[in-house]
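Before any comments, here is the structure.
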Amino acid sequence: MDTFRCPICRKRVEETSKLFPFCSERCRLVDLGKWLREDYRITRPVGQAAPAEEDGEPDESSPGEGDEHAE
Numbered sequence: 014m015d016t017f018r019c020p021i022c023r024k025r026v027e028e029t030s031k032l033f034p035f036c037s038e039r040c041r042l043v044d045l046g047k048w049l050r051e052d053y054r055i056t057r058p059v060g061q062a063a064p065a066e067e068d069g070e071p072d073e074s075s076p077g078e079g080d081e082h083a084e
């Protein structure tokens, strides 16, 4: 099984956890609070390629983002 890190506290989380990608209900609620306070933002229009994608290389910080069909 692959293990991942909780985006809030960085503890290891199993991919099969019912709270995935979080390690606990607390971390899930902390993340929700960040969204509600607008701590997270989309910094470019949806559909606009990231600078790393424009030169043909996928952005390593966003796994799976380059997997979509190109328009």
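With the working numbering applied, the sequence shown corresponds to residues 14 to 84, in that order.
For glycine and all other residues, C-beta sits at the position ideal for the given N, C-alpha and C.
Report task. Leaving aside the five residues before and after Ser30 along the sequence, list all residues of the same chain whose C-beta is less than 8 angstroms from its C-beta, in chain order. Result -> For the purposes of this step, residue 30 is identified with residue 17 of the sequence shown, where counting begins at 1. Once the five neighbours on either side are set aside, the close Cβ partners of Ser30 are Cys36.
Report task. Label Val59 either buried or exposed according to how many other C-beta atoms from any shown protein chain fall within 10 Å of its C-beta, with 16 as the threshold for buried. Result -> If you number the sequence shown from 1, residue 59 lands on position 46. Exposed: under 16 other Cβ atoms inside 10 Å.
**Report entry** Beta-carbon proximity check, Tyr16 vs Arg23, cutoff 7 angstroms
**Finding:** In the sequence shown, counting from the first residue as 1, residue 16 sits at position 3. In the sequence shown, counting from the first residue as 1, residue 23 sits at position 10. As written in the sequence, residue 16 is Thr, which differs from the Tyr given in the question. In this structure, Arg23 does not lie closer than 7 angstroms to Thr16 by Cβ.
Query - One or two residues paired with Thr16 in a DSSP bridge - result: Counting from one through the sequence shown, the residue named residue 16 turns up at place 3. DSSP lists Glu27 as partners of Thr16.
Requested in this report: Would you tell me roughly how many angstroms separate the C-alpha atoms of Ala83 and Ile55, rounded to the nearest one?
Outcome: For the purposes of this step, residue 83 is taken as the residue at position 70 of the sequence shown. For the purposes of this step, residue 55 is taken as the residue at position 42 of the sequence shown. Confidence at Ala83 is low in this model, with a pLDDT of 46, below 50, so its placement is unreliable and the value that follows should be read with caution. Cα to Cα, the separation comes out at about 20 angstroms.
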